[in-house]
Every structure is written in structure tokens, then in C-alpha cells.
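Numbering-wise (the working numbering), the sequence shown opens with residue 1 and increments by one.
Structure, as C-alpha cells:
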Amino acid sequence: MTLHPDKWTAKDFGEDFIWGVAMAAAQNEGAANSYGKGPSIWDNFSRRRGKIRDGARPAVACDFYHRYKDDLLLAKALGFTAFRFSISWPRILPEGIGTVNKEGIAFYHRVIDECLHLGLTPYVTLYHWDLPAALEKEGGWSSHLMGKWFNRYVTLCAEEYGAKVKDWIVLNEPFGFTSLGYMLGRHAPGRMAMSSFLSAVHHAALAQADGGRILRKLVPGAHIGTTFSCSEVIPYTQSPEDLQAAKRLDILMNRLFIEPTLGKGYPREDFRLLERLELHNKAWKYTDRMAFDFDFIGIQNYFPTVVRHNSLIPVIQASEVKARTRKVPHTAMGWEINPGSFQRILSRFWRYGGVKKILVTESGAAFRDSLVNGVVDDYQRIEYYRAYLHALLMARAEGVNIKGFFAWTLMDNFEWAEGFRARFGLIHVDFATQLRTIKGSGYWFRDLLNAP
Ligand code: GAL
């Protein structure tokens with residue numbers, strides 16, 4: 001099948017294709033210090049000077065906590081039939097373990113009920129980066145107690161919501177939160193130690209599989225997945241040093257979590273960091289426990305990574321050659337726009353034996369949007385989605401079993417270390433007034449999804 005890049009419709013994706021839109025608690029909800037919620041690592045991290053652009057904080061964000069009904073109505077009006085959101089662990093367990101916050105529990109019942117009422121299938125992410133601060137004090141993801149804490153939290157969610165929610169995502173991008181939060185210090189909790197990172201990786205790999213097992217046991221008919229960030233890694237030159245650098249980064253960015261999930265254990269290659277990972281955690285003992293038979297995997301790919309050897313970078317000895325330097329098309333985040341690379345990464349993850357189904361659980365782009373006379377003409381985002389959805393169709397034509405696409409994100413929100421500056425939404429948010437304005441790309445989806 002060779003569909004013209006512009007001549008396809010939603011029908012080409014099939015009747016059973018899931019069209020969703022995604023968001024996350026810490027990025028959208030606000031009400032960070034009210035209704036019994038405990039502080040998360042992001043609430044604390046954002047108070048540290050210089051960590052978040054413009055000193056932004058997630059305390060109010062999009063005020064989804066109070067506006068969820070209107071926001072869900074907007075998602076519905078744009079034609080989506082699935083809504084991916086996350087549960088804030090510290091909202092329902094303010095101390096991470098122990099006392100349950102009834103108001104928090106009730107909030108997610110309201111959100112789920114409203115989704116069901118509108119005909120939006122709820123896709124619930126259990127962990128989208130907002131660890132209870134109380135648990136970080138005890139070591140967070142680098143503590144071996146994480147298994148116990150996470151299991152308690154997942155059990156509570158499954159027992160509370162399992163009768164209504166069948167579609168579950170255990171972790172959002174384990175490589176993202178372990179590397180940015182525990183090795184590079186750029187995200188909460190802001191740690192920068194290789195040993196913390198290695199422990200966090202291992203506890204996340206275990207939590208991911210354990211979480212899947214708990215859901216399988218407690219939620220009859222559950223459809224269970226987990227998400228992986230991924231990025232095609234391309235060597236800058238064909239020199240042996242650059243090829244090796246690309247190989248190391250590929251292991252970290254693409255293989256580190258999916259391989260244990262599929263029962264293969266951690267990638268075993270000539271890379272000192274992996275030996276340390278194994279030794280540090282006695283990981284060879286856990287190959288079976290890190291595996292789980294997920295019903296789907298969520299792929300989240302925002303850009304390819306071009307890399308070259310750099311002996312100044314400890315252990316990894318590689319650095320990225322940015323899209324801006326290479327003068328290729330990129331988004332406001334500086335991320336290369338490359339739909340062909342998206343297609344290749346989808347096929348690659350499919351080619352791992354054992355993946356049953358792929359959902360693209362996030363895809364989107366930030367641009368410098370401006371609201372002029374009540375209109376946001378984000379033509380670049382429309383072009384982006386048009387190209388990426390076409391690439392997805394091409395991957396399907398190659399035989400990749402992709403059954404859904406979730407746009408990132410419904411509305412501009414708290415973009416982690418980038419604060420409110422990076423706008424990814426299909427809906428513009430004026431953060432001073434909370435006024436929502438549907439962007440051109442939002443209308444584009446509405447027309448795509450509602451076409452006769
Ligand atoms: C993902 C993350 C989202 C969102 C997006 C855009 O890695 O899961 O929360 O921030 O990136 O940066």
C-alpha cells in the first residue's frame with residue numbers, strides 16, 4: 001500500500017483503531033496542595049531555584065481538577081474516543097503508603113465516570129512521574145522498598161477502579177524518569193548519581209512487571225500495557241568511535257527496559273555500564289520477575305538522536321549532535337521532525353518477538369503558538385500530525401500491528417523542566433485566566449475524526 005501523504009482518511013486506520021488524547025496528573029491537574037493531596041517530587045523540585053524555566057510551578061497548571069468536565073467535553077468534541085490520564089499517587093496516598101485520601105479516590109471516580117458518560121474510554125496510567133515526596137525521602141525509585149510501596153499503590157488502584165477501567169498503563173517512560181531524575185538531575189527528584197540511576201532502573205523494571213501481574217489478578221478482562229520512550233539512534237559519521245557511541249546510546253534509550261520486559265534480561269553487550277547494572281542489582285536473579293506478558297506496549301517517540309563519540313562524557317562517552325546544529329527541521333524543543341524515523345522505530349519495536357500489539361501512547365510537538373484575535377494558527381503542528389500519522393499507516397502496511405494513536409496532548413500544560421513555555425496542546429491555554437482556545441490542529445483532528 002502506498003498511500004499519498006495527503007490522501008488518507010481516518011477510515012484507512014480501520015474501524016477498531018483507538019483515537020485518543022493523553023495528559024498526565026502533574027502536568028494538568030493543579031490543586032497540588034489541596035483536597036488532602038500530599039506533595040509529589042515535582043511539587044518539591046519546582047521550588048528549587050533554577051530547576052524549572054521561568055520558575056514555573058505545577059501548583060495550578062491547567063486546573064483540570066476543577067475543570068475536568070469541560071476539558072473532557074472538549075476532548076469529546078474534537079472527535080476522540082479514548083482519554084489517557086494518570087493517577088497522582090500522592091493524591092490518593094499522601095504519604096505514599098498508609099492512609100488513603102478519600103477525596104483523592106473520589107476525584108478519579110468522577111473523572112472516570114465522566115469519561116464513560118461521554119463515551120471516552122479511560123486509559124489509566126499508574127505512574128507518570130509524580131512520586132509521593134514522602135517516598136523520595138526514603139530513597140524513592142533507588143530504594144529496594146519500592147517494590148512493596150508500588151504494589152500497595154497498584155493494588156489500591158485496581159481494587160478501586162478495576163470495575164470501571166479495563167485499559168491500564170503501568171509506567172510512563174521508565175527510561176525517561178530514571179535517567180532525567182536520577183542520573184542527569186534535570187527532572188525530579190534531581191539526583192545525579194550513577195548508582196542511584198542503576199538502582200532506579202532495576203526497581204522500575206521490577207515494578208513494571210509486578211504492576212502488570214497485580215492488574216491481571218485483580219481486574220478481570222484487563223487490557224494491560226506499559227510505555228517506552230524510544231528514539232532511533234543514528235551515528236554522526238561511520239567512524240568506529242561514532243558507531244560504538246551510537247550503540248551504547250541505543251542500548252540505553254531503546255533496549256534497557258523492553259528487553260527485560262520480554263524475558264530477555266538486560267541487554268548483554270560490551271558496555272561497562274551494563275555490567276555495573278547487573279552487579280549492582282544482582283540482576284541475573286531477576287530475569288523471570290522482570291518479564292510480563294503485556295497485552296500492548298505503548299510507543300512514545302518524539303525525535304531521532306544523532307550521536308557522536310565524546311570522551312569527555314563519563315561512562316557513556318557519547319554526545320548528541322542537535323537538530324539545530326545539523327540544520328534539519330525541528331520543533332520548539334529543538335527536536336528533529338522526522339516521520340520516516342518514527343516509522344522505522346515502530347517497525348523495530350514490532351520486530352522484537354513477543355510484542356502483541358503497539359499503541360502509540362503519545363505523539364506530538366511543541367511550537368511557538370500565538371493566540372491572535374481568538375485564533376491559534378498552528379499549521380506546523382497540523383503538518384506534523386499529518387506526516388506522523390501517514391508514517392504510522394506506512395508502518396501498518398509493513399505489517400506492524402498498531403492499534404491506536406494518542407495525541408500528546410489535549411491542552412498546553414506544565415511541560416516539566418520547560419515550565420509553561422513549551423506548548424504541546426491541541427488546545428491553547430492562557431495560564432493567567434485558564435481560557436481554553438481550540439487551535440487549528442484541534443479543529444484538524446475534529447474534521448479528521450468526524451469525517452463521514
Ligand atoms: C514525554 C512525557 C510527557 C510529555 C512529553 C513531551 O516524554 O511522557 O509527559 O511531557 O514527553 O515532552
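Here a beta-carbon is modelled for each residue, glycine too, at the ideal position from N, C-alpha and C.
Check: Is the distance from the Cβ of Phe83 to the Cβ of Tyr123 below 8 Å?
Finding: Position 83 of the sequence shown, counted from the first residue, corresponds to residue 83. Position 123 of the sequence shown, counted from the first residue, corresponds to residue 123. In contact: Phe83 and Tyr123 (Cβ atoms closer than 8 Å).
Item checked: Sequence-distant residues of the same chain with beta carbon closer than 8 Å to Asn44, five excluded per side -> The residue given as residue 44 occupies position 44 in the sequence shown. Cβ neighbours of Asn44 beyond the five flanking positions: Ala133, Glu136, Ala188, Pro189.
Checklist line | Range of the contiguous beta strand (DSSP E) that encloses Tyr127 | finding: Residue 127 sits at position 127 when you count from the first residue of the sequence shown. Taken as a continuous stretch (DSSP letters only), the beta strand (DSSP E) holding Tyr127 covers 121-127.
Check: Which full runs of the alpha helix (DSSP H) of 4+ residues lie inside the stretch 134-196, going along the chain?
Finding: 146-161, 174-178
Next item on the list: State the start and end residues of the unbroken alpha helix (DSSP H) segment that holds Trp462.
Entry: Because the chain in this structure spans residues 1 to 452, residue 462 falls outside the shown range and cannot be described.
Notebook entry, point to check: Using a threshold of 7 Å, is the CB atom of Trp42 nearer than that to any non-hydrogen atom of the ligand GAL?
Noted result: Residue numbering aside, residue 42 sits at position 42 when the sequence shown is read from its first letter. Because no heavy atom of the ligand GAL lies under 7 Å away, the Cβ of Trp42 does not count as near it: no.
Checklist line | First through last residue of the alpha helix (DSSP H) which encompasses Ser441 | finding: Counted from its first residue, the sequence shown places residue 441 at position 441. Unbroken alpha helix (DSSP H) run through Ser441: 440-450.
Check: Is Leu426 helix, strand or coil when you go by DSSP?
Finding: Reading the sequence shown from its first residue, position 426 is the one you call residue 426. Coil.
Note to self: In the DSSP assignment, the beta strand (DSSP E) including Arg308 goes from what residue to what residue?
What the structure shows: Against the sequence shown, residue 308 aligns to sequence position 308. Unbroken beta strand (DSSP E) run through Arg308: 305-309.
Checklist line | Of the residues Ser143, Arg47, Pro220, His128, the one placed nearest Asn28, counting alpha carbons only | finding: Here residue 28 refers to the residue found at position 28 of the sequence shown. Out of Ser143, Arg47, Pro220, His128, His128 has the C-alpha closest to the C-alpha of Asn28.
Notebook entry, point to check: To which residues of the same chain is Glu320 closer than 6 Å at the C-beta, ignoring the five residues directly before and after it?
Noted result: Translated into the one-based positions of the sequence shown, residue 320 becomes position 320. So the list reads Thr305, Val307, once near-sequence residues are dropped.
Next item on the list: Please go through the same chain and pick out, in chain order, the residues whose beta-carbon is closer than 6 Å to the beta-carbon of Val201, but skip the five residues on each side of it.
Entry: The residue given as residue 201 occupies position 201 in the sequence shown. Here the set comprises Thr178.
Notebook entry, point to check: Less than 7 Å between the CB of Trp408 and some heavy atom of the ligand GAL, yes or no?
Noted result: One-based indexing of the sequence shown puts residue 408 at position 408. In this structure, the ligand GAL has a non-hydrogen atom nearer than 7 Å to the beta-carbon of Trp408.
Note to self: What would DSSP say about Arg436, mapped onto helix, strand or coil?
What the structure shows: In the sequence shown, the residue the question calls residue 436 occupies position 436. In the structure shown, Arg436 sits in a strand (DSSP, three-state: E or B).
Check: Are there 16 or more other CB atoms within 10 angstroms of the CB of Ala77, so buried, or fewer, so exposed?
Finding: For the purposes of this step, residue 77 is taken as the residue at position 77 of the sequence shown. Exposed, by the Cβ-count rule.
Checklist line | C-beta contact flag for Gly20 and Gly353 at 8 Å | finding: The residue given as residue 20 occupies position 20 in the sequence shown. The residue given as residue 353 occupies position 353 in the sequence shown. No, they are not a contact pair.
Next item on the list: Would you tell me roughly how many angstroms separate the C-alpha atoms of Pro235 and Asp242, rounded to the nearest one?
Entry: Translated into positions along the sequence shown, residue 235 becomes position 235. Translated into positions along the sequence shown, residue 242 becomes position 242. Near 5 Å, if we compare the C-alpha coordinates of Asp242 and Pro235.
Note to self: Given the structure, does Phe424 come close to the ligand GAL, in the sense that its CB is under 7 Å from one of the ligand's heavy atoms?
What the structure shows: Taking the first residue of the sequence shown as 1, we reach residue 424 at position 424. Flag set: Cβ of Phe424 near the ligand GAL.
Checklist line | Among Val154, Leu180, Pro58, Gly399, nearest to Leu171 - alpha-carbon criterion | finding: Within the sequence shown, residue 171 is the residue found at index 171, counting from 1. Checking every option, the nearest Cα to that of Leu171 belongs to Val154.
Margin query: For a test of your reading of the model: does the CB of Ser142 fall under 7 Å from any non-hydrogen atom of the ligand GAL? Yes or no.
Written below: Your numbering for residue 142 matches position 142 in the sequence shown. No; taking the cut-off as 7 Å, the Cβ of Ser142 has no heavy atom of the ligand GAL nearer than that.
Notebook entry, point to check: With burial defined as no fewer than 16 other Cβ atoms inside 10 Å of the residue's Cβ, what is the status of Asn450: buried or exposed?
Noted result: Residue mapping note: residue 450 aligns to position 450 of the sequence shown, counting from 1. That one is exposed.
Item checked: Bridge partners - Pro235, DSSP secondary structure assignment -> Translated into the one-based positions of the sequence shown, residue 235 becomes position 235. According to DSSP, Pro235 shares a beta bridge with Val307.
Check: What first and last residue would you give for the alpha helix (DSSP H) that runs through Val111?
Finding: Along the sequence shown, read from residue 1 onward, the residue named residue 111 stands at position 111. Taken as a continuous stretch (DSSP letters only), the alpha helix (DSSP H) holding Val111 covers 102-118.
Next item on the list: List the DSSP bridge partners of Arg344.
Entry: Walking along the sequence shown from the start, residue 344 turns up at place 344. The partner list for Arg344 (beta bridge, DSSP) is empty, contrary to what the question assumes.
Next item on the list: Spell out a yes or no on whether the stretch 395-403 and the stretch 369-377 are touching, meaning 3 or more CB-CB pairs, one atom from each, closer than 8 Å.
Entry: These segments do not touch.
Note to self: On a Cα-Cα basis, can you pick out the residue from Met23, Val315, Ser229 that is closest to Arg423?
What the structure shows: Taking the first residue of the sequence shown as position 1, residue 423 is located at position 423. Taking only the C-alpha atoms, the option nearest Arg423 is Met23.
Notebook entry, point to check: Hey, how far is the Cα of Lys69 from the Cα of Leu116?
Noted result: For the purposes of this step, residue 69 is taken as the residue at position 69 of the sequence shown. For the purposes of this step, residue 116 is taken as the residue at position 116 of the sequence shown. For Lys69 and Leu116, the distance between alpha carbons rounds to 12 Å.
Notebook entry, point to check: Tell me which same chain residues have a C-beta within less than 7 Å of the C-beta of Glu159, skipping the five on either side of it?
Noted result: The residue you call residue 159 lines up with position 159 of the sequence shown. Excluding positions up to five away in sequence, the list reads Leu218.
Checklist line | Of the listed residues Gly14, Gly119, Pro90, Gly263, nearest to Ala31 (C-alpha basis) | finding: Along the sequence shown, read from residue 1 onward, the residue named residue 31 stands at position 31. It is Pro90 whose Cα lies nearest to the Cα of Ala31.
Check: With respect to the alpha helix (DSSP H) encompassing Ile92, which residues constitute its N-terminal and C-terminal limits?
Finding: Walking along the sequence shown from the start, residue 92 turns up at place 92. Start and end: 89-92.
Check: Tell me the DSSP bridge mates of Glu320?
Finding: Position 320 of the sequence shown holds residue 320. Answer is Val307.
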